[in-house]
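Enquirer:
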């Protein structure tokens, strides 16, 4: 079953008098349970594609069906609801609320989903335990290491049980060792049946996925299956 | 409805977190509102105090009274030269009126003169001396702290007896014990037979009985001025407030006879009423009220601008945070609500602090002007501060709600 079906979408920005085609003509399908990496150099349009896939932005042309619902013409509030219920974001810079502790950060999407306080806390704690941070719930982001911050972000992405996890350069701000741990965590999440879309410009990170989409100049250059995908070692830190 | 309540509660909790995170800024911002609300509450309390002072002052004169006089006190319908050309009223007019009048509870003639009152080396200059008779006390609500009013015998005999207003007594006899002591008016000795309790209020000036003394009317003519020098006023007290109009009509009819007016002549006297005084007072208080609240309102307005300014800065500074919140599912109205709530909570907090300060300051004001913070002032302060918060938070909150999540996330 396709979670994502994109047909001939384009994104055109007006810069002064000039039209910039960030995405020229892209069509693709992503199935439930897939682990897809989107690769491309900067300026290729991969960020634009990610924003559209993540319902942060809408395409200028074309149709985007998410779970068989056309989201390409939705307004701000409808998109906010889709992002809240269906998409879990993991960013390169973590994007946690600096003044809130880990627990509150993970609770946040549930607050916007209208989950009552007690239920919310329970689920947030569960998600934090899931990523191995049961003992760091009341630490603020600045009291956590880079890897731990990214784990909080992953817990936040998982807590609403979304249809897809959208990770934008999740290891970009981490050292190799910590990056490996995070990739191991993504692997576990994938093996539990979640759909993951990973945006990166690094070949060895992309090779963790089972499918790689290569973008260049606003077009899909290559859509390939990874024969020998890299499976990271399971690390002691997470407790799945 | 349930969703709305839920969002309200979450909005409050998010706002509290944000306010706590920026303590110093929030406190400084609040200061504008604190000062604004303090001044509005204090001003409305002070105005209430002034109003109270006027009202109690007027009440001490007696509310069912008429004053028959050559002069028109409050209305300026008749040109002053006509008033001046009227024949002075004298004691004969009073006697005739008193014999004919059936409705009044009591009547008394009064005439005034300004003199210094002395007790040995203590002097009060320019005291309003009220010359009157023993019935005067029945036309007023005056009460005594010591002694009594002078009686018929003393009045008719023109004895040198005097009743002191409380302020005069306090100045001349700081130790008390004024009774049976002697004071001097223009070198003539007068025996103190009574001292009044505190009656009126400073707002009434010379009309405040606290600053007056009372002597038999004969003695004013004997010592200070001839009978024709100044017109006599007749104080008339109606039996009750329902009788005021009837008493007034009777007085007009009788006075026309007493003054010997032909049917085609106009009244050469005026019947004055406290209503006239009350109207004048209410007008004055109204003007003070509008001017005062307008001026203090300006300071509240300045405070509101401060809040709006700081909220704009806050939105700019938290662009990234807004981006994160939007990315994980905050709707426009959630963001709007969050920032409006934040500004309303800051203002409400400021309003409550301002109210507290105003209550403390009103204790000081109370020393000069008996007053206290009224319930309506409390409600006013709280309402004003919430409304100020919502209004001044709206524009910044709207800016925040409209932010594009992609742009906001990219903001550093």
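Residue numbers (this note's numbering), protein chains in the order written: chain D, 1 to 240; chain B, 1 to 412. Ideal Cβ positions, reconstructed from N, Cα and C, are used throughout, including at glycine. Computed from a prediction, not measured in an experiment: that's the story for all the values here.
Under the assumption that residue 219/B contacts residue 172/B (Cβ atoms under 8 Å), give the Cβ distance between them as a whole number of angstroms.
Expert: Within the second chain, numbered from 1, the residue matching residue 219/B stands at position 219. Within the second chain, numbered from 1, the residue matching residue 172/B stands at position 172. Not a contact, Cβ separation roughly 18 Å.
Enquirer: Going by DSSP in three states, residue 240/D sits in which element: helix, strand or coil?
Expert: By 1-based counting over the first chain, the position of residue 240/D is 240. Unreliable positioning characterises residue 240/D in this predicted model, as indicated by a pLDDT of 40, which lies under 50. A coordinate reading is not provided.
Enquirer: Taking the DSSP output, what are the residues bridged to residue 109/B?
Expert: Residue 109/B sits at position 109 when you count from the first residue of the second chain. Answer is 234/B.
Enquirer: Taking C-beta pairs closer than 7 Å, name the residues in chain B that residue 111/D reaches, listed in chain order.
Expert: For the purposes of this step, residue 111/D is taken as the residue at position 111 of the first chain. Neighbours of residue 111/D on chain B, chain order: 10.
Enquirer: Mind pulling the chain E residues with CB within less than 8 Å of residue 409/B?
Expert: Going by chain labels, chain E is absent from the structure shown, which instead holds the protein chains D and B.
Enquirer: Would you say residue 175/D and residue 92/D are within 8 Å of each other, going by their C-beta atoms?
Expert: Numbered from its first residue, the first chain carries residue 175/D at position 175. Numbered from its first residue, the first chain carries residue 92/D at position 92. No, these two residues do not count as a Cβ contact at 8 Å.
Enquirer: Between the segment 96–104 of chain B and the segment 248–255 of chain B, are three or more C-beta pairs nearer than 8 Å?
Expert: yes
Enquirer: For chain D, is any of its Cβ atoms less than 8 Å away from the one on residue 330/B?
Expert: Taking the second chain and counting its residues from 1, the one referred to as residue 330/B is at position 330. With 8 Å as the cut-off, residue 330/B counts as an interface residue toward chain D.
Enquirer: Show which residues of chain D have a CB atom less than 8 Å away from the CB atom of residue 396/B.
Expert: Taking the second chain and counting its residues from 1, the one referred to as residue 396/B is at position 396. Chain D residues near residue 396/B: none, gap ~18 Å exceeds 8 Å.
Enquirer: Is it right to say residue 240/D is buried, meaning 16 or more other beta carbons lie within 10 angstroms of its own, or is it exposed?
Expert: As a first step, residue 240/D must be located in the first chain, where it is residue number 240. Confidence in residue 240/D is poor, its pLDDT being 40 and thus under 50, which makes the residue's placement too unreliable to answer from.
Enquirer: Around the Cβ of residue 298/B, are there at least 16 other Cβ atoms within 10 angstroms (buried) or fewer (exposed)?
Expert: On the second chain, residue 298/B is found 298 positions in, with the first residue counted as 1. Classification for residue 298/B: exposed.
Enquirer: Checking the sheet assignment: what are the DSSP bridge partners for residue 119/B?
Expert: Counting from one through the second chain, the residue named residue 119/B turns up at place 119. Its beta-bridge partners are 122/B.
Enquirer: Mind checking if residue 108/D is an interface residue toward chain B, Cβ cutoff 8 Å exclusive?
Expert: Indexing the first chain from 1 puts residue 108/D at position 108. For residue 108/D, the answer is yes, since a Cβ of chain B falls inside 8 Å of its Cβ.
Enquirer: Name the DSSP bridge partner or partners of residue 296/B?
Expert: As a first step, residue 296/B is located in the second chain; it is residue number 296 there, counting from the start. The partner list for residue 296/B (beta bridge, DSSP) is empty, contrary to what the question assumes.
Enquirer: Identify the continuous alpha helix (DSSP H) that holds residue 112/D and give its terminal residues.
Expert: Walking along the first chain from the start, residue 112/D turns up at place 112. Residue 112/D -> alpha helix (DSSP H) spans 102–113.
Enquirer: Using the Cα positions of residue 170/B and residue 377/B, report the straight-line distance between them to the nearest angstrom.
Expert: For the purposes of this step, residue 170/B is identified with residue 170 of the second chain, where counting begins at 1. For the purposes of this step, residue 377/B is identified with residue 377 of the second chain, where counting begins at 1. Taking the straight line joining both Cα atoms gives about 36 Å.
Enquirer: Given that a residue counts as buried once 16 or more other Cβ atoms are within 10 Å of its Cβ, and exposed if not, what is residue 177/B?
Expert: Your numbering for residue 177/B matches position 177 in the second chain. Exposed: under 16 other Cβ atoms inside 10 Å.
Enquirer: In or out: residue 243/D buried (at least 16 other Cβ within 10 Å) or exposed?
Expert: For residue 243/D there is no data in the structure shown, the boundaries of chain D being 1 and 240.
Enquirer: Which value, in whole angstroms, describes the spacing of the CA atoms of residue 238/D and residue 101/D?
Expert: As a first step, residue 238/D must be located in the first chain, where it is residue number 238. As a first step, residue 101/D must be located in the first chain, where it is residue number 101. For residue 238/D, the predicted model reports a pLDDT of 45, less than 50, meaning its position is unreliable and no value from the coordinates is stated.
Enquirer: Is residue 305/B close to chain D, meaning its C-beta is less than 8 Å from at least one C-beta of that chain?
Expert: Mapped onto the second chain, residue 305/B falls at position 305. It does not: the Cβ of residue 305/B has no partner Cβ on chain D nearer than 8 Å.
Enquirer: When Cβ atoms are compared, which residues of the segment 308–341 of chain B fall closer than 9 Å to chain D?
Expert: Answer in chain order: 320, 321, 323, 324, 325, 326, 327, 328, 329, 330, 331, 332, 333, 334.
Enquirer: If you reduce the DSSP assignment to three classes, tell me which class residue 86/B lands in.
Expert: Locating residue 86/B in the second chain gives position 86, where the first residue counts as 1. If DSSP states are grouped into helix, strand and coil, residue 86/B belongs with coil.
Enquirer: Show which residues of chain D have a CB atom less than 8 Å away from the CB atom of residue 406/B.
Expert: Position 406 of the second chain, counted from the first residue, corresponds to residue 406/B. Those are 51, 56, 57, listed as they occur along chain D.
Enquirer: Taking DSSP as the reference, what is the three-state secondary structure of residue 319/B?
Expert: Taking the second chain and counting its residues from 1, one reaches residue 319/B at position 319. DSSP places residue 319/B in helix when its eight states are reduced to three.
Enquirer: Going by alpha carbons, who is nearest to residue 103/B out of 10/B, 296/B, 133/B, 244/B?
Expert: Within the second chain, numbered from 1, the residue matching residue 103/B stands at position 103. The shortest Cα separation from residue 103/B among 10/B, 296/B, 133/B, 244/B belongs to 244/B.
Enquirer: Quick test of the definition: if touching needs 3 or more C-beta pairs under 8 Å, does the segment 144–155 of chain D touch the segment 182–189 of chain D?
Expert: yes
Enquirer: So residue 150/D and residue 170/D are supposed to be a Cβ contact under 8 Å. How far apart are they, rounded?
Expert: Residue mapping note: residue 150/D aligns to position 150 of the first chain, counting from 1. Residue mapping note: residue 170/D aligns to position 170 of the first chain, counting from 1. Sure, about 6 Å apart at Cβ, within 8 Å.
Enquirer: Does residue 123/D have its Cβ less than 8 Å from a Cβ in chain B?
Expert: On the first chain, residue 123/D is found 123 positions in, with the first residue counted as 1. Not closer than 8 Å to any Cβ of chain B, the Cβ of residue 123/D fails to qualify, so no.
Enquirer: Which residues, in order along the segment 23–45 of chain D, keep a beta-carbon less than 9 Å from a beta-carbon of chain B?
Expert: Of all residues in the segment 23–45 of chain D, none places a beta-carbon less than 9 Å from a beta-carbon of chain B.
Enquirer: For residue 114/B, write down the residues that DSSP places opposite it in a beta bridge.
Expert: For this step, residue 114/B is matched to residue 114 along the second chain. Residue 114/B pairs with 128/B.
Enquirer: Examine chain D for any beta-carbon lying closer than 8 Å to the beta-carbon of residue 21/B, and answer yes or no.
Expert: Working through the second chain from its first residue, we reach residue 21/B at position 21. Yes, residue 21/B counts as interfacial toward chain D.
Enquirer: By Cβ distance below 8 Å, which residues in the same chain neighbour residue 87/B in space, the five residues on each side in sequence not counted?
Expert: One-based indexing of the second chain puts residue 87/B at position 87. Contacts found: 70, 259, 268.
Enquirer: Report yes if the CB atom of residue 111/B is closer than 8 Å to the CB atom of residue 232/B, and no otherwise.
Expert: Residue 111/B sits at position 111 when you count from the first residue of the second chain. Residue 232/B sits at position 232 when you count from the first residue of the second chain. The answer is yes: Cβ separation under 8 Å.
Enquirer: Quick one: is the Cβ of residue 358/B within less than 7 Å of any heavy atom of the ligand FAD?
Expert: Annotation note on the ligand FAD: not contained in the displayed structure, which lists no ligands.
Enquirer: Measuring alpha carbon to alpha carbon, tell me which of 63/B, 338/B, 124/B ends up nearest residue 235/B.
Expert: In the second chain, the residue the question calls residue 235/B occupies position 235. Cα-wise, what sits closest to residue 235/B is 63/B.
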